[in-house]
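*Asks:*
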Amino acid sequence: MMAVGALVVGAGTAVALALVAFQSNLIYFYSPSEVLAGELPPQARIRLGGIVEEGSVQRSGSDTTVTFRLADCEQAIPVRYSGILPDLFREGQGIVAIGTYDVQSGFSAEEVLAKHDENYMPPELEESLKDKAGTSCMPVANT
Amino acid sequence: MNRWVLIAPILVVGVLIAIFAVGLTLDPSRVPSPLIDKPSPAFELPSLRAPDQLLTERRFAGQVSIVNVWASWCVPCRLEHPLWMEWAETSDVPLYGLNYKDAPRDALAWLARHGDPYQAIASDRAGNVGIDWGVYGVPETFVIDASGRIRYKHIGPLDPTSMKNTFRPIVEQLLQESGA
Amino acid sequence: MIPELGHFALCLAAGLALMQCVAPISGVVLRRERWQAMAWPLAVGQVVFTIIAYGALTWSFIHVDFSVRYVATNAHSELPMFYRISAVWGGHEGSLLLWVLMLGAWTLLVAGLNRSLPRDIGASVLGVMGAVSCAFLLFTLLTSNPFERLIPAPPEGQDLNPLLQDPGLIIHPPMLYMGYVGFSVAFAFAVAALISGRLDAAWARWTRPWTTLAWSFLTVGILLGSWWAYNELGWGGWWFWDPVENASFMPWLIGTALIHSLAVTEKRGMFKAWTVLLAISAFALSLLGTFLVRSGVLVSVHAFATDPSRGVFVLMIFGFFVGGALLLFALRAARFQVRQQLTLFSREGLLLLNNVFLSVAALAVLLGTLYPLFVDAMGLGKLSVGPPYFDAVFAPLTMPLVLLVGFASAVMWKRGDWSRLRRQSLIPIAVAIVVAVLMALFGVRGLGVSAAILLAVWCMAGALAEPLRITLRRSRVKMGRAQWGMTLAHIGLGVFVLGVALVNHGSIERDVRLVPGETTEFAGYAFKFVGVARDEGPNYDADVGTVEVSRDGKAVATLNPEKRYYRMGGNPMTEAAIDISPLRDIYVSLGEPVQGGAWILRLYVKPLIRWIWSGALLMALGGALAATDRRYRLQSRAARAVTAEAESVHA
Chain A
7 MMAVGALVVG AGTAVALALV AFQSNLIYFY SPSEVLAGEL PPQARIRLGG
57 IVEEGSVQRS GSDTTVTFRL ADCEQAIPVR YSGILPDLFR EGQGIVAIGT
107 YDVQSGFSAE EVLAKHDENY MPPELEESLK DKAGTSCMPV ANT
Chain B
48 MNRWVLIAPI LVVGVLIAIF AVGLTLDPSR VPSPLIDKPS PAFELPSLRA
98 PDQLLTERRF AGQVSIVNVW ASWCVPCRLE HPLWMEWAET SDVPLYGLNY
148 KDAPRDALAW LARHGDPYQA IASDRAGNVG IDWGVYGVPE TFVIDASGRI
198 RYKHIGPLDP TSMKNTFRPI VEQLLQESGA
Chain C
6 MIPELGHFAL CLAAGLALMQ CVAPISGVVL RRERWQAMAW PLAVGQVVFT
56 IIAYGALTWS FIHVDFSVRY VATNAHSELP MFYRISAVWG GHEGSLLLWV
106 LMLGAWTLLV AGLNRSLPRD IGASVLGVMG AVSCAFLLFT LLTSNPFERL
156 IPAPPEGQDL NPLLQDPGLI IHPPMLYMGY VGFSVAFAFA VAALISGRLD
206 AAWARWTRPW TTLAWSFLTV GILLGSWWAY NELGWGGWWF WDPVENASFM
256 PWLIGTALIH SLAVTEKRGM FKAWTVLLAI SAFALSLLGT FLVRSGVLVS
306 VHAFATDPSR GVFVLMIFGF FVGGALLLFA LRAARFQVRQ QLTLFSREGL
356 LLLNNVFLSV AALAVLLGTL YPLFVDAMGL GKLSVGPPYF DAVFAPLTMP
406 LVLLVGFASA VMWKRGDWSR LRRQSLIPIA VAIVVAVLMA LFGVRGLGVS
456 AAILLAVWCM AGALAEPLRI TLRRSRVKMG RAQWGMTLAH IGLGVFVLGV
506 ALVNHGSIER DVRLVPGETT EFAGYAFKFV GVARDEGPNY DADVGTVEVS
556 RDGKAVATLN PEKRYYRMGG NPMTEAAIDI SPLRDIYVSL GEPVQGGAWI
606 LRLYVKPLIR WIWSGALLMA LGGALAATDR RYRLQSRAAR AVTAEAESVH
656 A
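Residue numbers (the working numbering), protein chains in the order written: chain A, 7 to 149; chain B, 48 to 227; chain C, 6 to 656.
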């Protein structure tokens, strides 16, 4: 009986712990338009997906900060990141940035993820890059 | 109580499978084209080869015709292109092209290199007509019957097998319908 | 011609697999000995044809026959021979075929080594494995045929994904698959027990070595994946909690629980239904791992959109095996219930706790991995569960586990003995405290890290205590391979935990901007950035940086991180430079050039990171050692004699 009691208590604690950690660590995916439309809870850590706007990438002259604009079919958001960008980060490329948004300073990214290879793009990103009629506005590479 | 403990696992897995099944059927991109059996959407586009001429959907009236959506930037289009070259030589059913989101210069260069099987090509540079037609991947091919209704849509490149086993039979059936 | 031959062989294999399933199982149900006896020849036939099919696909790759669609999408005429052979499993279709091939290997092993099984159990096991083979062969043939022709053949193939052109990734999938597929043996034994309604110590003894062996393969597979990510991805991390990794980790956790609960089932005849349930779950999670990862469903349910028939088929296979087995479980498992007193302070009590923690851990991973999928499937939005969730859940779940391991050999079956426990754990506790204090004195301080060191050393010392005692006292008791294996695996766990604790506590990373000639001080090392030169590789151009690392004026290493630009692909690839040593890695990766001739560099110093993989390797070796214990072979023979006797008494 003791054994069963201890088990129930142990498992219960573990599950409760997992659920608490779970609740506070969900990261939602947003597109630039949704962020600008104010659909974001304040201070929320989110995943922001879009296309790196052509000509928008700027490296700071003094430290490792880089800024660029992330766009979907309609809107664009300024993004700031400090550090090494992934290999596949390029202008015109679809990426996902994880971080927080602030109306004044734009999006500060803690992490920038580029797609793994030429053929793969995170599906939520692919979907967010479709206009209302469902056509992709992703620039198509000439091959 | 014990019975329930033993049955619980299968119930849990059953629910899991049900959710997955729902997820699979909810898939938005597999909805069949809502345009099937509807009249082809109206359009008015310049011809690719003679930009001062306008092409419209009225061109399809009175006969079975095929509309192939393609672009010079589209790699799979190159794969299926020989099939259309062969089609133009062997079939009387007219083949029309809808050049989708493409620069006319690139499109013409592409045709010069790979051959031009089309009776006429409409140039949909902005892609608006493509949206009306529900295009979401290039290439796509529509079959339109003699009354101007879309009867079949093939998404992606045709290969010799699907051409022989699916596509041609459908076209032939429509030809018989219109003949009868 | 050869691809058609392969296709034909695959069809024949599917047919034979169907018979391998139907004949023996109906033989068991209807008590026809003759039908049961057909299991072995049918299995051999099925495996032979699977091998022929696999050979045919390999042949097509070696001869780069682009008229085969699968070859055209996964190979290139300039692909080296080595990669041509491994490209066979570079895509979905071929990896399915590899899966079936490995299932064949396991089938032959089981059939060959377990001749001593009672005929009906042996027939059921081969029958269930035949059913699994058949399902996978049908899946391959109907939805993912690797032999499909592409006519006209393209002049050139699309090449193997450059990320996959790495020796580490060549052996990673086969190892992982050996593990996944290996759990089908445990599953088959579980179903056989449910069919026959018999589950005894002998059954557990037959099942144990197979489960342990599969688990070892899985451990190596996961370890290779982690090692590859560390070396190739250029991020310096060894585990990312991404869905693909989680998919292999869940069966590992449940497999670990299964190994331990099998021990209780064998020694004490308890946890029978639970063991069966774990065996079913381990295989279910392996199926999930195989399908969902390869098909991209873990990223999004909609990944099947390109081919819904695959999704439906996968669901059917999953539903058939898991649902079927659980239905049998619901009907039959009541027979396995034992009314036995369980005291928590006993080895089985500790193992029960071990199982609880491992299962909860697996559930936590399952929740974090599948929840985003469910939300997506219900159309409620897109979200992901971040690594902080897993970290937060895992630390409190693994710490008690490691604590338990230290007691493993000091607490006896049935009822532990407090005085014996005190005697035996005194030295390990002392060692653990001394090490933790020493480490704290040397600057490795902090509640979390000190606790982890304490536990890890306790776990290792506790594992070593028993063999040391036996050796020192020249006791007449001899340790078998199973015990040595356990010792090794538990030491491995300690080494692993120590590695993780120190990597988490002590690794330092920094992104810096350096002009050639500039030096930066970091983690006690001086990094001098000499400059970047252009270099040419066989099929790429590269920017090669030179970084001189020194400590207190003494040179430590010269590192050459590269940025490669493949002439074919055009994607740059970061090749980090790593100075390896048992106590720490220095890791430098080259970023991009910025204004003023400067470059961005990422520097890491990671203490004890090698211990993570060494620990995992020790666990796998321990498993392999335990699986080959003579006891399993000898005793299964003895058990057979007993069973035969029992049967003759019944008759």
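Quick reminder that beta carbons are idealized off the backbone N, C-alpha and C, glycines included.
Could you give the distance in angstroms between the alpha-carbon of valine 76(C) and the alpha-carbon of histidine 68(C)?
*Replies:* 10 Å
*Asks:* If I'm right that isoleucine 1(A) touches glycine 100(A) with Cβ under 8 Å, what's the distance once you round it to whole angstroms?
*Replies:* The structure shown does not extend to residue 1(A), since chain A is modelled only from 7 to 149, so the question has no answer here.
*Asks:* Assuming valine 673(C) contacts serine 291(C) under a Cβ cut-off of 8 Å, what Cβ separation, rounded to an integer in Å, is found between them?
*Replies:* No answer is possible for residue 673(C): the residues shown for chain C start at 6 and end at 656.
*Asks:* To be precise: take each residue of the segment 9-38 of chain A, compare its Cβ to all Cβ atoms of chain C, and keep it if any distance is under 7 Å. Which residues remain?
*Replies:* Correct list: Ala9, Ala12, Leu13, Gly16, Ala17, Ala20, Val21, Leu23, Ala24, Ala27, Phe28, Asn31, Leu32, Ile33, Tyr34 and Phe35.
*Asks:* Here's the rule I'm using: 16 or more other beta-carbon atoms within 10 Å means buried, otherwise exposed. How should phenylalanine 254(C) be labelled?
*Replies:* buried
*Asks:* Reducing DSSP to helix, strand and coil, say where valine 190(C) ends up.
*Replies:* helix
*Asks:* Considering only the alpha carbon of each residue, which of Ala22(A), Phe28(A) and Gly112(A) lies closest to leucine 46(A)?
*Replies:* Gly112(A)
*Asks:* Is the distance from the Cβ of glycine 132(C) to the Cβ of glutamine 25(C) below 8 Å?
*Replies:* yes
*Asks:* Note down, in chain order, all residues in the segment 312-329 of chain C with a beta-carbon under 8 Å from any beta-carbon belonging to chain B.
*Replies:* Pro313, Gly316, Val317, Leu320, Phe323, Gly324, Val327 and Gly328
*Asks:* Tell me where the alpha helix (DSSP H) around tryptophan 232(C) begins and ends.
*Replies:* 206-237
*Asks:* Closer than 7 Å by beta-carbon distance: list the chain B residues that pair up with alanine 338(C), in chain order.
*Replies:* Leu53
*Asks:* By Cβ distance, which residues of its chain are closer than 7 Å to leucine 355(C), with the 5 residues on each side in sequence left out?
*Replies:* Only Leu409, Phe412 and Val416 meet the Cβ criterion.
*Asks:* Return the bridge partner residues of histidine 201(B) from the DSSP annotation.
*Replies:* Thr188(B)
*Asks:* Is phenylalanine 152(C) close to chain B, meaning its C-beta is less than 8 Å from at least one C-beta of that chain?
*Replies:* no
*Asks:* Inspect the beta-carbon positions of alanine 193(B) and glycine 109(B) and report whether they are closer than 8 Å.
*Replies:* yes
*Asks:* List the residues of chain C whose Cβ lies closer than 8 Å to the Cβ of glycine 67(A), in chain order.
*Replies:* Within 8 Å Cβ-Cβ: Val599, Gln600 and Gly601.
*Asks:* Within 10 angstroms of its Cβ, does valine 520(C) collect 16 or more other Cβ (buried), or is it exposed?
*Replies:* exposed
*Asks:* Would you kindly work out how many angstroms separate the C-alpha atoms of proline 8(C) and histidine 201(B), rounded to a whole number?
*Replies:* 28 Å
*Asks:* Buried or exposed for isoleucine 513(C), please, with buried defined as at least 16 other CB atoms from any protein chain shown within 10 angstroms of its CB.
*Replies:* Result: exposed.
*Asks:* In this structure, what does DSSP give as the bridge partners for lysine 559(C)?
*Replies:* Beta-bridge pairing links lysine 559(C) to Arg556(C).
*Asks:* Give the straight-line distance between the Cα atoms of proline 164(B) and proline 88(B), rounded to the nearest whole angstrom.
*Replies:* 23 Å
*Asks:* For methionine 578(C), list the residues DSSP reports as bridge partners.
*Replies:* Arg569(C)
*Asks:* When you compare the CB of alanine 335(C) with every CB in chain B, is at least one pair closer than 8 Å?
*Replies:* yes
*Asks:* Do you know offhand how far proline 44(A)'s Cα is from arginine 51(A)'s?
*Replies:* It should be noted that the sequence gives glycine, not proline, for residue 44(A). Roughly 14 Å between the two C-alpha positions.
*Asks:* May I ask you to verify whether the segment 492-504 of chain C touches the segment 614-630 of chain C, counting CB pairs closer than 8 Å and requiring at least 3?
*Replies:* yes
*Asks:* Under three-state DSSP, which class holds aspartate 590(C)?
*Replies:* strand
*Asks:* Do isoleucine 432(C) and arginine 470(C) have their beta-carbon atoms positioned less than 8 Å apart in this structure?
*Replies:* In the sequence as displayed, the identity of residue 470(C) is alanine instead of arginine. Alanine 470(C) places its beta carbon less than 8 Å from that of isoleucine 432(C).
*Asks:* Under the three-state reduction of DSSP, which class applies to phenylalanine 151(A): helix, strand or coil?
*Replies:* Not covered by the structure: residue 151(A). The range shown for chain A is 7 to 149.
*Asks:* Counting along the chain, where does the beta strand (DSSP E) carrying asparagine 146(B) start and finish?
*Replies:* 142-147
*Asks:* Which residues share a DSSP beta bridge with glutamate 541(C)?
*Replies:* Asp546(C)
*Asks:* Measure the C-alpha to C-alpha separation of cysteine 16(C) and isoleucine 90(C) and round it to an integer number of angstroms.
*Replies:* Take the alpha-carbon of cysteine 16(C) and the one of isoleucine 90(C): they are about 23 Å apart.
*Asks:* Isoleucine 605(C) CB to nearest chain A CB: under 8 Å?
*Replies:* yes
*Asks:* Less than 8 Å separating the beta-carbons of tyrosine 530(C) and valine 561(C)?
*Replies:* A Cβ-Cβ contact shorter than 8 Å links tyrosine 530(C) with valine 561(C).
*Asks:* Quick one, which of Leu63(B), Glu187(B) and Met210(B) has its alpha-carbon nearest leucine 378(C)'s?
*Replies:* Leu63(B)
*Asks:* Buried or exposed: which applies to lysine 611(C), given that a residue is buried once 16 or more other Cβ atoms fall within 10 Å of its Cβ?
*Replies:* buried
*Asks:* When you compare the CB positions of alanine 14(C) and alanine 48(C), do they come within less than 8 Å of one another, or not?
*Replies:* no
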